Amino acid sequence: MKKLIYLDNAATTKTAPEVVEAMLPYFTENYGNPSSVYEFASVSKKAVTDARETIASVLGAKTNEIYFTAGGSEADNWALKATYEAYKSKGNHIITTKIEHHAILHTCEYLEKQRGARVTYLDVDENGVVKLEELEKAITPETILISVMFANNEIGTIQPIKEIGMIAKEHDILFHTDAVQAFGQVPINVEEYHIDMLSSSGHKINGPKGIGFLYIRKGVKSRSFIHGGAQERKRRAGTENVPGIVGYGCAAKRAVETMEKRTAKEIEMRDYLIKRITTEVPYTRLNGDPVKRLPNNINISFQFIEGESLLIMLDMDGICASSGSACTSGSLDPSHVLLAIGLPHEIAHGSLRLTISEETTKEDADYVVERIKKIVEHLRSMSPLYEDFMKKSEK
Amino acid sequence: MYSDKVMDHFQNPRNVGEIENPSGVGTVGNAKCGDIMRIYLDIDDNQVIRDCKFKTFGCGAAVATSSMATELVKGKTIQEAMEVTNKAVMDALDGLPPVKVHCSLLAEEAIHAALWNYAETHNIRIEGLTKPKSDIHEGEDEEEEEY
Chain H
0 MKKLIYLDNA ATTKTAPEVV EAMLPYFTEN YGNPSSVYEF ASVSKKAVTD
50 ARETIASVLG AKTNEIYFTA GGSEADNWAL KATYEAYKSK GNHIITTKIE
100 HHAILHTCEY LEKQRGARVT YLDVDENGVV KLEELEKAIT PETILISVMF
150 ANNEIGTIQP IKEIGMIAKE HDILFHTDAV QAFGQVPINV EEYHIDMLSS
200 SGHKINGPKG IGFLYIRKGV KSRSFIHGGA QERKRRAGTE NVPGIVGYGC
250 AAKRAVETME KRTAKEIEMR DYLIKRITTE VPYTRLNGDP VKRLPNNINI
300 SFQFIEGESL LIMLDMDGIC ASSGSACTSG SLDPSHVLLA IGLPHEIAHG
350 SLRLTISEET TKEDADYVVE RIKKIVEHLR SMSPLYEDFM KKSEK
Chain B
0 MYSDKVMDHF QNPRNVGEIE NPSGVGTVGN AKCGDIMRIY LDIDDNQVIR
50 DCKFKTFGCG AAVATSSMAT ELVKGKTIQE AMEVTNKAVM DALDGLPPVK
100 VHCSLLAEEA IHAALWNYAE THNIRIEGLT KPKSDIHEGE DEEEEEY
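If you want it as structure tokens, here you go:
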């Protein structure tokens, strides 16, 4: 079989074998519906309760503040839409950032266009960090919600969540954070960080796809978003995805238990890759904050070349990666995140994101660097932008 | 997502490079949208395209369409080259995904831009050739909104 080097762990991760093992009995043996009264179903019910307890304890939350969803996007939609509906009599203003995931940005656009919301999209600095003074300035008496992602999915920048939580608390505004990339990667405590709502997704931390949760602090009035049965304390109807929930609980436990050791290893490998690529390939830049950064994220722009070409050539060498180029986004514009940190379009088109895992070896890293060097050189030799640049610098 | 022919022309692009003192050279597209093509033509006294080279900044389809376009015009007269449309380029590549059709338009436009430059610098008129647009994305429809 062709060698596969998977460096797209921000897209999704391999489901850990122990997670699959924990899930399996809930398909074929303990398949009862947790809402049923008979003894057989109580096994399923207990499994859901246990997973909820695990996740709550990881976050420093109470068990009845964790609501399972079908994933991160649903949790984001729920947090924004239901909070807006519940609090719009108090005010119609939401503050978020320009670098959020589309699950937040498109939901905000919907609320603006269809529900009369006013949304402020905060700028970020050149490393992708929210400017706290601008956040304070944006607050009005109408502001009901601040939603800032914990860590960015493209450039890996970690936001000053604690400070943002403090500002929200001081102004008595609800604070939601999309922690899809951060949960299980960095320590999070909802009390310490004054987080009122938090979205997360199972498949980013070696859990299964199709499961996520929304943490809702007790007292926040966001009501049901999916109407129907009385599951999830009447706030999220639908028969529980028991195997998914079990898998997520197992994955969360695993992620937290191994966090310190795993992320130390990843940070070392991340910085090794960043250093080699940015020093051995000319005309490159690291995107995102060099320190306040997810342990597994590398995002580098290569001048004069386009990202999709780079991805296809890496794929031919068995390397899975992603890019912020327009060609991979289905539109003519490159990544909104890269534009928000001030990159010109042509540099944003030439970006490459590598998201490593604990399984990424030094041998893999060295192979990837060698391939990148060759491919970038080849694509530059075909690039009219590089030709013009070289001719100009000869003069 | 790409046909074998597209992949072949992307992996082994034909006629990459520059021509010194070309008869005509044309550059189209813009870096903002992520694709730029430059085509060099070497045209003899009988108005036959002796040689054709390209350089492209862009995705796999942009490289493949440039490569195929140079193959299709090489050895042709300039009138025959005028008949190399974006559809001809696409057909020769066994098709392109819908989102990549603009790459073939860019390739057609690049040939036309190089021919226009040749016509202007040699004071001739080429039947059916109009001044190329500087940006092929001009007038493209905005994305439809989904709600």
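Each protein sequence line maps, in turn, to chains H and B. Residue numbering for the first sequence follows numbering that gives the first Met the number 0, starting at 0 and increasing by one per position. Residue numbering for the second sequence follows numbering that gives the first Met the number 0, starting at 0 and increasing by one per position. By construction, the Cβ of each residue, glycine as well, lies at the ideal position given by its N, Cα and C atoms. These numbers come from a predicted model, not from an experiment.
Per DSSP, Gly306 (chain H) is not a residue of any beta strand (DSSP E); the alpha helix (DSSP H) it occupies stretches across 306 to 315. Around the C-beta of Lys394 (chain H), fewer than 16 other C-beta atoms lie within 10 Å, and the residue is accordingly described as exposed.
In the three-state reduction of the DSSP assignment, Cys249 (chain H) falls in the helix class, which pools H, G and I. If you check the CB distance, Thr142 (chain H) and Ile94 (chain H) come in under 9 Å. A straight-line Cα-Cα distance of about 45 Å links Glu307 (chain H) and Pro140 (chain H). In terms of Cβ geometry, Thr96 (chain H) and Tyr66 (chain H) do not form a close pair [threshold 9 Å]. Against chain H, the CB of Glu17 (chain B) has a partner CB under 9 Å away; the residue lies at that interface. Counting along the chain, the unbroken alpha helix (DSSP H) around His101 (chain H) starts and ends at 101 to 114.
Proximity of the segment 109 to 125 of chain H to the segment 77 to 89 of chain H meets the contact definition, three or more beta-carbon pairs being nearer than 8 Å. One thing to note: His8 (chain B) has its Cβ within 9 Å of the Cβ of Ser66 (chain B). In the structure shown, the three-state DSSP call for Asn298 (chain H) is strand. Between Ile194 (chain H) and Ile160 (chain H), the CB-CB gap stays under 9 Å. Your pair Phe303 (chain H) and Leu384 (chain H) checks out as a contact, with CB atoms roughly 4 Å apart and the cut at 8 Å. Contact between Gly25 (chain B) and Asn116 (chain B) holds, with the beta-carbon distance rounding to 5 Å and staying under 8 Å.
As the crow flies, the alpha-carbon of Val36 (chain H) is around 11 Å from that of Val42 (chain H).
Taking all protein chains shown into account, Val290 (chain H) has fewer than 16 neighbouring C-beta atoms within 10 Å of its C-beta and is therefore exposed.
In this structure, Glu84 (chain H) lies near Arg222 (chain H), with their beta-carbon atoms less than 9 Å apart. Contact between Ala21 (chain H) and Cys249 (chain H) is confirmed by a C-beta separation of about 4 Å, below the 8 Å threshold. Close to Glu305 (chain H), with beta-carbon spacing below 8 Å, are these residues of chain B in chain order: Gly33, Asp34, Phe56, Gly57, Cys58, Ala61.
DSSP, read as helix, strand or coil, puts Val88 (chain B) in helix. Residues of chain B whose Cβ lies closer than 7 Å to the Cβ of Leu384 (chain H) are, in chain order, Ala30, Ile35, Phe56. Its chain contains Ile48, Cys51, Ala80, Val83, Ile110 as the residues whose beta carbon lies nearer than 7 Å to that of Val72 (chain B), once the 5 sequence neighbours on both sides are disregarded; these appear in chain order. Along the segment 333 to 348 of chain H, the positions whose C-beta sits under 7 Å from a C-beta of chain B are Pro333, His344, Glu345, His348, read in chain order. Measuring C-alpha to C-alpha distances from Thr62 (chain H) to each of H:Lys264, H:Ile371, H:Leu213 identifies H:Leu213 as the nearest. With contacts defined as CB atoms closer than 9 Å, Cys58 (chain B) and Lys86 (chain B) fail to qualify as a contacting pair. Non-local C-beta neighbours of Ala118 (chain B) in its own chain, meaning closer than 7 Å and more than five positions away in sequence, comprise Arg124, Ile125, Leu128, ordered along the chain. Here Arg232 (chain H) is exposed: its Cβ has fewer than 16 other Cβ atoms, across all protein chains shown, within 10 Å. Asn205 (chain H) and Val18 (chain H) have their C-alpha atoms some 8 Å from each other. Rounded to the nearest angstrom, the gap between the Cα atoms of Pro242 (chain H) and Lys31 (chain B) is 46 Å. Proximity of chain B to Ile160 (chain H) at the Cβ level (cut-off 8 Å) is not reached, the minimal Cβ distance being about 30 Å. According to DSSP, Tyr214 (chain H) shares a beta bridge with H:Ile65, H:Leu197.
At a C-beta separation below 7 Å, Thr26 (chain B) has these neighbours in chain H: Pro383. The DSSP-derived three-state label of Gly25 (chain B) is strand. Chain-order list of chain H residues neighbouring Pro12 (chain B): Met381, by C-beta distance under 8 Å.
A check of alpha carbon separations from Ser324 (chain H) across H:Asn298, H:Thr176, H:His202, H:Asp316 identifies H:Asn298 as the nearest.
Within chain B, the residues placing a beta-carbon under 9 Å from that of Ile311 (chain H) are Tyr1, Met6, Phe9, Gln10, Cys58, Gly59, ordered along the chain.
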